[in-house]
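Its first residue numbered 100, the sequence shown is counted upward by one per residue in the numbering used here.
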Amino acid sequence: MNSARAYCFCVFFVLAFLSVVQVGKCAPPTCYSRAVQLGKEIMDLLEKTHRSPRTTECAEYFPKMFMDVHNSCVTAKLRDFLYTLENLPIDYCRVRPRILFLKRKIRVLYEIISRICYRDLVPLTNDCEALDTGISQPRYTEDTLQLLEEER
């Protein structure tokens, strides 16, 4: 009798623990976290597209892009990239599954940044060149400049 009761208690405890774990995972992502996550996914997908022998020829037409959702120029860069993907000069590139998937991810990120989370995302930089080169120049604010002058 005691072993049956202990077994029921263990089963109940495991089920309760698993339900708590599931509830913790079902919280919806915030606009910011979803934009950052999509940015990372797009960069991974771009890397795979450049490395794959099936899509290397298509990737040669892509402009360089280093995703930074904190950059105020990212919406223009995403829009230009979408235009490039929709107007690839090679017909079979337009229907490659990886290219279509990349286009869908970029379109979703563009919609999130420009419409859904327009006021939630605060750009930290407006260095448009950093999206092409991947090198972001530090932008000094007035307080930082004052500290730099005092150190000299």
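Ideal Cβ positions, reconstructed from N, Cα and C, are used throughout, including at glycine.
- Annotation for Ile205: Ile141, Leu177, Phe180, Leu181 and Leu184 place their beta carbon closer than 8 angstroms to its own, counting only its chain and skipping 5 residues before and after.
- In the DSSP assignment, Lys163 falls outside any alpha helix (DSSP H), carrying neither H nor E.
- By alpha-carbon distance to Cys216, the top candidate from Phe200, Val135 and Arg104 is Val135.
- Looking at the backbone, the Cα of Asn225 and that of Tyr160 are separated by about 25 angstroms.
- In the DSSP assignment, Leu144 falls within the alpha helix (DSSP H) that extends over Cys130 to Arg150.
- Here Thr148 is buried: its Cβ has 16 or more other Cβ atoms, across all protein chains shown, within 10 Å.
- Between the beta-carbon of Leu223 and that of His169 there is about 4 angstroms, and that keeps the pair under the 8 angstroms contact cut.
- Judged by DSSP secondary structure, Thr174 falls within the alpha helix (DSSP H) whose first and last residues are Val173 to Glu185.
- With a threshold of 16 other beta carbon atoms within 10 Å, Cys157 meets it and is buried.
- With respect to Arg214, Thr154 sits apart: the two C-beta atoms are not nearer than 8 angstroms.
- Per DSSP, the continuous alpha helix (DSSP H) segment holding Asp190 begins and ends at Asp190 to Arg193.
- Nearest neighbour of Pro162 by Cα position, chosen from Arg104, Ala175 and Ser151, turns out to be Ala175.
- In the three-state DSSP reduction, Thr224 falls in the strand class (E or B).
- By the criterion of a C-beta distance shorter than 8 angstroms, Ile211 is surrounded in its chain by Cys130, Arg133, Ala134 and Leu137, once the five residues flanking it on both sides are discounted.
- If you draw a straight line from the Cα of Glu146 to the Cα of Ile198, it is about 12 angstroms long.
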